[in-house]
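Input: a single structure, listed below in structure tokens.
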Amino acid sequence: MKTFTMTPDLIDKKWILIDAEGVVLGRLASVIATRLRGKHKATFTPSMDMGDNVIVINADKVQITGNKREKPHYRHTGYPGGIKSRTTQEILDGKFPERVVMQAVKRMLPGNKLSRHIMTNLRVYASADHPHEAQSPEVLDVKSMNPKNHRSA
């Protein structure tokens, strides 16, 4: 028997819709990273973009456990002494709260060219509105997968 090798024309990409309201951030990011990478498929190939397109709505209503809301996120401007920090709560209250979810998912993927390409298949929106109704995405209920996946504020 020969080993099955996946080719780009055999890849079947679906659209998945995930509602992040009340879901714990790390558990949500883990499910999203698995779907983006394609590890849930029997034909998974590590060197190819096999994952689905994932749409995340209500990213500003994600739950964060413990004292992680006060944990600082650092960035550097590129200038000497240009290190800046903001807490997770400040980011969620700011202009782009979806960046918290995007950063969590990015850090759960390997740091290579393929992962940067895979991240283009992720669309995160702070509200319940999204412009991808034409793709008719399947709804994936992350809350019902495990009782630990959601918190009630």
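Note that the UniProt record's numbering has the sequence shown beginning at 1, numbered continuously upward.
Idealized CB from N, CA, C, for every residue including glycine.
These numbers were taken from a predicted model, which means no experiment stands behind them.
Measure the beta-carbon distance from residue 25 to residue 126 and round it to whole angstroms, keeping in mind my assumption that it falls under 8 Å.
The Cβ separation is near 14 Å, so there is no contact.
Nonlocal neighbours in the same chain, by C-beta distance under 8 Å from residue 69, ignoring five residues either side:
87, 88, 89, 92
From which residue to which residue does the beta strand (DSSP E) around residue 76 run?
DSSP places residue 76 inside the beta strand (DSSP E), whose first and last residues are 72-76.
Just how far apart, CA to CA, sit residue 130 and residue 1?
Looking at the two C-alpha atoms, the distance is approximately 46 Å.
Name the residue from 121, 132, 139, 30 whose alpha carbon lies nearest to the alpha carbon of residue 53.
121
Between which residues of its own chain and residue 128 is the CB-CB distance below 6 Å, once the five residues before and five after are set aside?
57, 58
Which full runs of the alpha helix (DSSP H) of 4+ residues lie inside the segment 40-127, going along the chain?
DSSP runs (the alpha helix (DSSP H)) wholly in the segment 40-127: 88-93, 98-106, 113-118.
Locate the beta strand (DSSP E) running through residue 17, then write down its first and last residues.
It spans 15-19 - the beta strand (DSSP E) in which residue 17 sits, taken as one unbroken run.
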